[in-house]
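Under the numbering used here, the sequence shown has 48 at position 42, and the numbering climbs by one with no breaks. Beta carbons: idealized from backbone N, C-alpha and C, even for Gly. All values derive from a computational prediction rather than experimental measurement.
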Amino acid sequence: MNWAQWRKLFRKQPIGEIRTYFGEKIALYYAWLGWYTRVLLIAAVPGCILFIYGFLSFSSSQISKEICEANTTIMCPLCDQKCPFWILSDTSTLFLELWKRYRAKKVNQWNMYSWDEEEEELALELINNPENTSEEYQHSYIRSIIVLILALIMICVLIGMAHVLVIYRVVVTVIFTQSNSKFLQEKATTVAVLTGAVMHYLSIIIMTKVNKYIAHLLCKLERPRSFSEREKSYTIKVFTFQFFNYFSSLIYVAFFLGRINGHPGSYVRVAGKWRLEECHPSGCMTDLFIQMFVIMTLKQTFSNLVEYWLPTLTYKCRLLYRKPQRINVEQISQDSCKEEWLWNYQLNEVNVFTLFDEYMEMMIQYSFTTIFVAAFPLAPLLAFINNLFEIRLDAIKMVKLQKRMVPKKANTIGIWYYILEIIGILSVIGNGLVIAITSDFIPMLVYQYTFSPCKQKNNTGIDCLTGYINHSLSVFNVQHFENTVNLTDPMGNKITHYYRNSDDYSHSIKFWHIFAARIAFLFVFEHVALCVKLIAAWLVPDDPRSVKNDQLKEKRKKLKRKLQ
Numbered sequence: 007m008n009w010a011q012w013r014k015l016f017r018k019q020p021i022g023e024i025r026t027y028f029g030e031k032i033a034l035y036y037a038w039l040g041w042y043t044r045v046l047l048i049a050a051v052p053g054c055i056l057f058i059y060g061f062l063s064f065s066s067s068q069i070s071k072e073i074c075e076a077n078t079t080i081m082c083p084l085c086d087q088k089c090p091f092w093i094l095s096d097t098s099t100l101f102l103e104l105w106k107r108y109r110a111k112k113v114n115q116w117n118m119y120s121w122d123e124e125e126e127e128l129a130l131e132l133i134n135n136p137e138n139t140s141e142e143y144q145h146s147y148i149r150s151i152i153v154l155i156l157a158l159i160m161i162c163v164l165i166g167m168a169h170v171l172v173i174y175r176v177v178v179t180v181i182f183t184q185s186n187s188k189f190l191q192e193k194a195t196t197v198a199v200l201t202g203a204v205m206h207y208l209s210i211i212i213m214t215k216v217n218k219y220i221a222h223l224l225c226k227l228e229r230p231r232s233f234s235e236r237e238k239s240y241t242i243k244v245f246t247f248q249f250f251n252y253f254s255s256l257i258y259v260a261f262f263l264g265r266i267n268g269h270p271g272s273y274v275r276v277a278g279k280w281r282l283e284e285c286h287p288s289g290c291m292t293d294l295f296i297q298m299f300v301i302m303t304l305k306q307t308f309s310n311l312v313e314y315w316l317p318t319l320t321y322k323c324r325l326l327y328r329k330p331q332r333i334n335v336e337q338i339s340q341d342s343c344k345e346e347w348l349w350n351y352q353l354n355e356v357n358v359f360t361l362f363d364e365y366m367e368m369m370i371q372y373s374f375t376t377i378f379v380a381a382f383p384l385a386p387l388l389a390f391i392n393n394l395f396e397i398r399l400d401a402i403k404m405v406k407l408q409k410r411m412v413p414k415k416a417n418t419i420g421i422w423y424y425i426l427e428i429i430g431i432l433s434v435i436g437n438g439l440v441i442a443i444t445s446d447f448i449p450m451l452v453y454q455y456t457f458s459p460c461k462q463k464n465n466t467g468i469d470c471l472t473g474y475i476n477h478s479l480s481v482f483n484v485q486h487f488e489n490t491v492n493l494t495d496p497m498g499n500k501i502t503h504y505y506r507n508s509d510d511y512s513h514s515i516k517f518w519h520i521f522a523a524r525i526a527f528l529f530v531f532e533h534v535a536l537c538v539k540l541i542a543a544w545l546v547p548d549d550p551r552s553v554k555n556d557q558l559k560e561k562r563k564k565l566k567r568k569l570q
């Protein structure tokens with residue numbers, strides 16, 4: 007097929023031909039992937055505009071000016087040893103609804119709209135063995151409870167991996183700050199975050215294999231009735247494990263990093279020795295941005311390289327080292343079809359999880375581009391660029407490098423659609439939490455409408471965020487530091503970025519005002535977003551009018567035939 011060529015990168019996919027060659031199930035995968043990629047381009051435009059605007063407006067921002075000009079504002083050390091006091095100036099719902107309409111048009115064109123998967127499986131069983139008795143549905147509460155407990159244990163293991171990465175970053179930060187390199191001492195936090203992201207990706211690769219193995223064992227224990235039930239059960243388990251595998255560390259960085267550390271003089275420590283890591287001096291959003299950029303870039307680049315070159319090299323090696331079969335050369339030259347068949351025997355084998363792996367890769371990518379997109383607006387752009395190559399890479403792999411999968415019928419993408427819906431709900435929650443908890447949007451809003459010069463009606467030619475930095479900081483007495491800190495600075499009072507009282511360092515009333523505002527914003531944001539989601543689902547019909555009319559005509563024809 008000419009479709010499976012790199013030079014066809016920007017050409018429209020021949021979904022009809024794909025369906026004829028591979029069957030409806032694979033054709034729907036490519037239809038969905040092409041649709042998803044087009045939507046990513048739409049989402050990438052505002053993301054790029056937001057990123058460029060933030061970059062260009064950085065120097066003119068009042069907050070940036072105050073930070074850059076804060077040459078006399080001294081901050082508390084970010085670690086115990088060799089960490090100096092530092093100067094502050096050093097620092098998708100519509101998609102799913104439209105997809106349902108697009109899918110309905112396609113399956114209606116293929117006369118697959120009313121096709122039933124379970125009925126198809128029963129028919130195949132009867133064809134293979136007319137005397138065969140179909141296995142009935144079974145349910146065991148004991149097996150279900152055991153499967154649930156084992157799945158929860160596996161999730162706890164994956165969350166524990168995230169805690170191991172936290173300890174790794176803490177230890178690496180200490181090691182770098184104690185090194186003789188001044189550069190490593192100054193950039194200890196950033197280097198720890200970068201290397202931690204790389205370690206996180208390596209742990210993802212290892213645990214992916216483990217997750218699939220555990221999910222397979224749990225499915226065997228569960229004993230699904232049919233292949234489709236087994237496939238659904240396996241998909242849900244693997245996606246759940248993979249979600250915690252990918253996002254446990256990101257959730258920690260987004261919502262816990264720097265917030266459970268205690269305060270100067272009473273820090274929370276690992277094993278009673280090492281302080282928990284702090285957020286990047288420019289804020290926790292920077293840590294989340296770095297983590298997402300590194301993991302998403304490594305995942306897409308490395309996965310594509312492995313996905314393409316591994317089957318390519320395997321195929322080439324098989325051609326080179328496999329013993330040639332005794333064939334009549336003259337007969338082959340006279341019949342090109344036989345020659346092609348013999349070459350096809352050398353292609354890589356396929357398994358039932360080939361299409362599953364492709365879907366899973368896209369589901370994880372979709373999670374990255376939606377759940378934390380508020381912290382990483384370039385995610386849709388990176389995903390779009392990746393998918394341009396992913397479509398052709400999958401095409402080349404399926405057409406030229408491996409044997410053709412057995413064509414199967416389908417009229418939906420199956421359980422993957424419900425996973426997309428779950429990701430959509432998680433994206434509303436995740437982005438709401440990022441905006442409310444991780445970013446400084448709410449503290450700045452509270453300051454602007456409560457404490458700023460504009461509130462005092464002294465807003466003539468002055469930015470309403472003037473003074474926000476000093477307002478957000480608290481005074482701390484250096485003498486109250488723990489004895490493990492080596493103090494060399496002569497000043498008696500230092501500044502730390504907490505809303506705390508100056509006497510007992512408990513949270514100040516400002517902190518609780520902001521906390522209440524964060525909760526209120528989160529409540530309003532998520533309810534409004536979910537209401538918009540429901541309105542969009544109601545407003546946009548699942549099936550186009552033309553499809554409904556075609557189905558109505560088909561029903562009338564069937565009834566007429568029965569009544570005659």
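Between the CA atoms of residue j and residue i - distance to the nearest angstrom
| i | j | result |
| --- | --- | --- |
| TYR2 | PHE101 | An answer regarding residue 2 cannot be provided, because it is not within the stretch 7 to 570 covered by the chain. |
| ALA221 | LEU154 | 11 Å |
| THR214 | ILE515 | 46 Å |
| THR292 | SER552 | 49 Å |
| THR183 | LEU156 | 41 Å |
| ASN114 | ASN555 | 11 Å |
| ASN310 | LYS106 | 28 Å |
| LYS305 | SER234 | 29 Å |
| GLN331 | PRO383 | With a pLDDT of 49 at GLN331, under the threshold of 50, the modelled position of that residue is not reliable, and the figure given next carries that caveat. Roughly 55 Å between the two C-alpha positions. |
| TRP280 | VAL180 | 8 Å |
| LYS563 | GLU23 | 29 Å |
| CYS225 | SER239 | 7 Å |
| VAL276 | PRO270 | 16 Å |
| PRO20 | LEU316 | 26 Å |
| LEU479 | ASP509 | 14 Å |
| ILE429 | LYS188 | 44 Å |
| VAL197 | VAL177 | 12 Å |
| LYS218 | THR376 | 24 Å |
| ASN499 | GLY436 | Annotation note: pLDDT 46 at ASN499 (below 50); position unreliable, no value reported. |
| LEU294 | TYR143 | 46 Å |
| VAL356 | GLU364 | 13 Å |
| ILE421 | LEU536 | 22 Å |
| TYR314 | PHE299 | 22 Å |
| GLN11 | TYR36 | 15 Å |
| PRO550 | ALA526 | 39 Å |
| LYS414 | PHE28 | 8 Å |
| MET160 | MET404 | 33 Å |
Terminal residues of the alpha helix (DSSP H) in which residue i lies
| i | result |
| --- | --- |
| ASN217 | 194–228 |
| GLU560 | 551–569 |
| GLY430 | 421–439 |
| CYS537 | 515–545 |
| CYS162 | 147–183 |
| GLY22 | 21–28 |
| ALA385 | 385–402 |
| PHE253 | 233–261 |
| ILE133 | 123–134 |
| ASP469 | Neither: ASP469 is in no alpha helix (DSSP H) and is coded neither H nor E. |
| TYR143 | Premise fails: TYR143 is in no alpha helix (DSSP H) and is neither H nor E. |
| SER458 | Here SER458 belongs to no alpha helix (DSSP H), and DSSP marks it neither H nor E. |
| MET369 | 360–377 |
Residues bridged to residue i (per DSSP)
| i | result |
| --- | --- |
| TRP41 | In DSSP, TRP41 forms no bridge with anything. |
| ASN354 | GLN408 |
| VAL276 | TRP280 |
| LEU506 | The residue you asked about is not Leu; residue 506 is Arg in the sequence shown. The partner list for ARG506 (beta bridge, DSSP) reads HIS513. |
| HIS269 | SER272 |
Option nearest residue i by Cα separation, candidates the options
| i | options | result |
| --- | --- | --- |
| LEU47 | LYS322, GLN408, ASN392, ARG281 | ASN392 |
| VAL530 | GLY438, ASP549, LEU353 | GLY438 |
| PHE571 | LYS409, PRO413, ASP469, MET167 | This structure gives no information on residue 571, because the portion of the chain shown stretches from 7 to 570. |
| LEU171 | ALA110, TYR258, ALA129 | TYR258 |
| ARG25 | VAL51, ASN117, LEU316, PHE61 | ASN117 |
| THR318 | LEU128, ILE173, LEU353 | LEU353 |
| LEU223 | LYS243, ALA37, LEU536 | LYS243 |
| LEU1 | TYR207, ASP548, PHE359 | Residue 1 lies beyond the range of the chain shown here (7 to 570); nothing can be said about it. |
| ILE173 | LEU565, PHE521, LEU282 | LEU282 |
beta-carbon residue i near the ligand GDP non-hydrogen atom, thresh 8 Å
| i | result |
| --- | --- |
| ASN267 | No copy of the ligand GDP occurs in the structure displayed, which carries no ligand at all. |
Closer than 9 Å to chain D by CB, residue i
| i | result |
| --- | --- |
| TYR365 | The structure shown contains no chain D, having only a single protein chain. |
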